[in-house]
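Below is one structure, written out as structure tokens, with a few remarks after it.
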Amino acid sequence: MSTETQSPVRVTKEPPSGSIRPRRRLPRFAALGLYVAGIALGALLSALTGFSIALTVIYGAILGALAVYVGSRVVEGRRKATDRLVTALVTTAFAVAMVPLVSLVYTVLDKGLARFDGAFFSNSMFRVVGEGGGAYHAILGTVVITALAAVISVPIGLLTAIYLVEYGSGRLKRAITFFVDVMTGIPSIVAGLFAFALFTLVFGNDVRLGVMGAVALSVLMIPVVVRSCEEVLKLVPNELREASYALGVPKWRTVVKVVLPTAVAGLGTGITLAVARVVGETAPLLVTVGLITGTNLNPFDGRMATLPVFAFYQLTQPGTATQAFLDRAWTAALVLIILVMVLNVVARLISRLFAPKTGR
Amino acid sequence: MAKRIEVSDLNIYYGNFLAVEGVNVSIEPRSITALIGPSGCGKSTFLRSLNRMHEVIPGARVEGKVVMDGQDLYGSDTDPVDVRRQIGMVFQRPNPFPTMSIYDNVIAGNRLNSKKMKKSEADDLVERSLRGANLWNEVKDRLDRPGSGLSGGQQQRLCIARAIAVEPDVLLMDEPCSALDPISTLAIEDLMAELKDRFTIVIVTHNMQQAARVSTSTGFFNLNGVGQPGRLIEFNPTEKIFSNPDQKATEDYISGRFG
Ligand SMILES: Nc1ncnc2c1ncn2[C@@H]1O[C@H](COP(=O)(O)OP(=O)(O)O)[C@@H](O)[C@H]1O
Ligand SMILES: [Mg+2]
Numbered sequence: 001m002s003t004e005t006q007s008p009v010r011v012t013k014e015p016p017s018g019s020i021r022p023r024r025r026l027p028r029f030a031a032l033g034l035y036v037a038g039i040a041l042g043a044l045l046s047a048l049t050g051f052s053i054a055l056t057v058i059y060g061a062i063l064g065a066l067a068v069y070v071g072s073r074v075v076e077g078r079r080k081a082t083d084r085l086v087t088a089l090v091t092t093a094f095a096v097a098m099v100p101l102v103s104l105v106y107t108v109l110d111k112g113l114a115r116f117d118g119a120f121f122s123n124s125m126f127r128v129v130g131e132g133g134g135a136y137h138a139i140l141g142t143v144v145i146t147a148l149a150a151v152i153s154v155p156i157g158l159l160t161a162i163y164l165v166e167y168g169s170g171r172l173k174r175a176i177t178f179f180v181d182v183m184t185g186i187p188s189i190v191a192g193l194f195a196f197a198l199f200t201l202v203f204g205n206d207v208r209l210g211v212m213g214a215v216a217l218s219v220l221m222i223p224v225v226v227r228s229c230e231e232v233l234k235l236v237p238n239e240l241r242e243a244s245y246a247l248g249v250p251k252w253r254t255v256v257k258v259v260l261p262t263a264v265a266g267l268g269t270g271i272t273l274a275v276a277r278v279v280g281e282t283a284p285l286l287v288t289v290g291l292i293t294g295t296n297l298n299p300f301d302g303r304m305a306t307l308p309v310f311a312f313y314q315l316t317q318p319g320t321a322t323q324a325f326l327d328r329a330w331t332a333a334l335v336l337i338i339l340v341m342v343l344n345v346v347a348r349l350i351s352r353l354f355a356p357k358t359g360r
Numbered sequence: 001m002a003k004r005i006e007v008s009d010l011n012i013y014y015g016n017f018l019a020v021e022g023v024n025v026s027i028e029p030r031s032i033t034a035l036i037g038p039s040g041c042g043k044s045t046f047l048r049s050l051n052r053m054h055e056v057i058p059g060a061r062v063e064g065k066v067v068m069d070g071q072d073l074y075g076s077d078t079d080p081v082d083v084r085r086q087i088g089m090v091f092q093r094p095n096p097f098p099t100m101s102i103y104d105n106v107i108a109g110n111r112l113n114s115k116k117m118k119k120s121e122a123d124d125l126v127e128r129s130l131r132g133a134n135l136w137n138e139v140k141d142r143l144d145r146p147g148s149g150l151s152g153g154q155q156q157r158l159c160i161a162r163a164i165a166v167e168p169d170v171l172l173m174d175e176p177c178s179a180l181d182p183i184s185t186l187a188i189e190d191l192m193a194e195l196k197d198r199f200t201i202v203i204v205t206h207n208m209q210q211a212a213r214v215s216t217s218t219g220f221f222n223l224n225g226v227g228q229p230g231r232l233i234e235f236n237p238t239e240k241i242f243s244n245p246d247q248k249a250t251e252d253y254i255s256g257r258f259g
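Here the protein sequences line up with chains G and R, keeping their order. According to the UniProt record's numbering, the first sequence is numbered sequentially starting from 1. According to the UniProt record's numbering, the second sequence is numbered sequentially starting from 1.
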């Protein structure tokens, strides 16, 4: 070990003018310590007025940031102090934003793991009135209906996006963009009622079909697919289109064979995230698909079970064995979260796998 | 099969903006024609109007006549896709298809048009085109690697190979060397000299030495001011343009007295 590398920067009182003055710095964990001390003080303060979590957080955040600022100001000067203050504020905001997420995951895990067992994934609720039973039928139902919704929305959404980016111009393009924007804002219950009204018109009263739910979900999904695919297609450099035209390739072949393959990673990601967006929708399925206790996998034949609606009824209409119903509701919620997480991971994998390779 | 291109009274518009006005020129087969002139005077615009790439831009249109060996390129029964098959183009920035391998890039013109080809034919075409573009020796061991992994100069030669693989009659090049280093530039200039036996070549360049080195004829474009249309001021054999031009403006530009 050489001594040069270890020699500390000496702090001189009067540095030679023109040279960079070594600055005094707070020791490594001092800022964190000050912050924690501030929060502790905040907790104390809120304890004086009758302890409450909210007040602790508010007082703590303010006092912590203040402590860091004052400490840094005294030792390090104004610029560094401002830097530390902003760092403290941003970190606090991040921590506060994380609280609900962590709390939600913790709660769902805590309550959902009770019934996260083999029976839950292999049994339906057929002839189950108390304990036991499972969501086998609801999980498959969700998969079937969501897949059907994707089958409806992906072609429509993708083709619309292709039209908007590659072909559209003028008034029609603006009108479509406007309506897609409007559709993005449609409340999900309205989508459900739309599908309900549509199928009631055709099939008469009291019709409940899986495909109705798929149509309702499509209404929610199409604008998301259009938007994300549109953004991705816009990212395909114009130079590639021109390169293709210059080879004497017609426009439609250019779109199919150059633009889409170049964008496939982004398209896959966007579509998967759109699926994740609708997989947990409850309201539209409640009014269109209903719920049954047995397993029905035919979306063209009567009611089906889906995870969100299953969870909803377990929660709101527990029978006599209240705890068993609650447990099943939480586990259904847990499975739904896992499903969404899996879809997100799949989306990432798609974008990783299909991204154009640039390496040598 | 190289072909002659005759342009008469060509006006080129972007929407209502007249970008290039009144071009009359005859481009000889089996020769290299260079187009020079200050930025923004419409060289690229003119070049792109020769293979109907201009109209790809929304609102862009053309008035006048472009005739290639008797065939009116802007005739009402002429399909722009056919025109582009006969008149290939190499762009300023190398633009190989990022999703395709080197091999697939070279035969992209055939593959994208779903032309049926035997494997041996395709192999043959790829080798011939890459040799034609002086790239074969550098890439023959990695034909299945992505084209975007090549250096800038190699990518540009890949684009040239891709353009000549569809066997056009005319090859348009828009500043093909402006993004390249001097060595790659020389490689491409040598290549042009070889290609001119088989193709009619039109090249836009900012590099006066390059124009003098490679071309047989040179056209000088200029414009009177911002917002004014560009014009073809002078079109003459390269030797004459660089030694004894007809127009004062040409002489000023070539000797660096402009702006
Ligand atoms: N896509 C476009 N839309 C509108 N105007 C354009 C476009 N491309 C070029 N122009 C205009 O046309 C004129 C000629 O441009 P260009 O042909 O690119 O010049 P050069 O290639 O000689 O530098 C310029 O005034 C330019 O602003
Ligand atoms: Mg240009």
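A virtual CB, placed ideally from N, CA and C, is assigned to each residue, including glycine. Please read all numbers here as calculations on a predicted model, not as lab measurements.
Below-8 Å beta-carbon distance, residue i vs any chain G residue
i, result
"R/G70", "no"
"R/R85", "yes"
"R/P58", "yes"
"R/M226", "Per the sequence shown, residue 226 of chain R should be read as Val rather than Met. It does not; no Cβ of chain G falls within 8 Å."
"R/M117", "no"
"R/V139", "no"
"R/R162", "yes"
"R/V166", "yes"
"R/V81", "yes"
Cβ-based neighbour list, residue i, same chain, cut-off 6 Å, excluding 5 preceding and 5 following
i, result
"R/P29", "A2, K3, R4, T200"
"G/I222", "S153, I156, G157"
"residue 373 of chain G", "With chain G covering only 1 through 360, there is no way to say anything about residue 373 of chain G."
"G/F196", "V287, T288"
"R/C177", "T185, I188"
Within-8 Å CB hit, residue i to chain R
i, result
"G/Y245", "yes"
"G/L343", "no"
"G/T269", "no"
"G/S169", "yes"
"G/T177", "no"
"G/T262", "yes"
"G/L326", "no"
"G/I350", "no"
Chain G contact residues for residue i, given Cβ-Cβ distances below 7 Å
i, result
"R/A108", "L247"
"R/N95", "E239, L240, A243"
"R/M53", "E242, Y245, A246"
Beta-carbon proximity list for residue i, same chain, < 7 Å, skipping 5 on both sides
i, result
"G/T3", "Residue placement at G/T3 is poorly supported in this model, since its pLDDT is 44, which falls under 50; the coordinates are not used for a value here."
"R/E138", "Q154"
"R/G259", "Low per-residue confidence applies at R/G259: pLDDT is 44, beneath 50, and the placement is therefore not dependable, though the value from the model is reported in the following sentence. No residues qualify anywhere along the chain."
"R/G59", "Y14, G15"
"G/L164", "K173, I176, T177, E230"
"R/L130", "V106, W136, V139, A161"
"residue 407 of chain G", "For residue 407 of chain G there is no data in the structure shown, the boundaries of chain G being 1 and 360."
Residue i: contacting residues in chain R (beta-carbon distance under 7 Å)
i, result
"G/R253", "L112, N113"
"G/T293", "Result: empty, since nearest Cβ-Cβ is about 49 Å, beyond 7 Å."
"G/K257", "L112"
Neighbourhood of residue i by C-beta distance below 8 Å, restricted to the same chain and skipping five residues each side
i, result
"R/G230", "A19, V20, E21, G37, G40, C41, G42, K43, T45, F46, F221, N222, L223"
"G/E166", "L233, K251, V255, V259"
"R/N110", "M117, A122, L125, A165, V166"
Chain-ordered chain R contacts of residue i [CB-CB under 8 Å]
i, result
"residue 394 of chain G", "Lying outside 1 to 360, the shown extent of chain G, residue 394 of chain G is not represented and no answer is given."
Cross-strand partners of residue i (DSSP beta bridge)
i, result
"R/P29", "Beta-bridge pairing links R/P29 to no other residue."
"G/R28", "Paired residue(s): none; G/R28 is not in a bridge."
"G/P22", "The partner list for G/P22 (beta bridge, DSSP) is empty, contrary to what the question assumes."
"R/L10", "R/V23"
"R/D174", "R/V204"
"R/N236", "R/T218"
"R/Q71", "R/M68"
"R/F17", "R/Y14"
"R/I36", "R/F220"
"G/G170", "Its beta-bridge partners do not exist; DSSP assigns none."
Per-residue contacts from residue i into chain G (C-beta, under 9 Å)
i, result
"R/F46", "Result: empty, since nearest Cβ-Cβ is about 16 Å, beyond 9 Å."
"R/G88", "A246, L247, G248"
"R/F91", "E239, E242, A243, A246"
Q) Listed by chain order, which residues have C-beta atoms less than 5 Å from any heavy atom of ligand 1? A) Answer in sequence order: R/Y14, R/A19, R/S39, R/G40, R/C41, R/G42, R/K43, R/S44, R/T45, R/I57.
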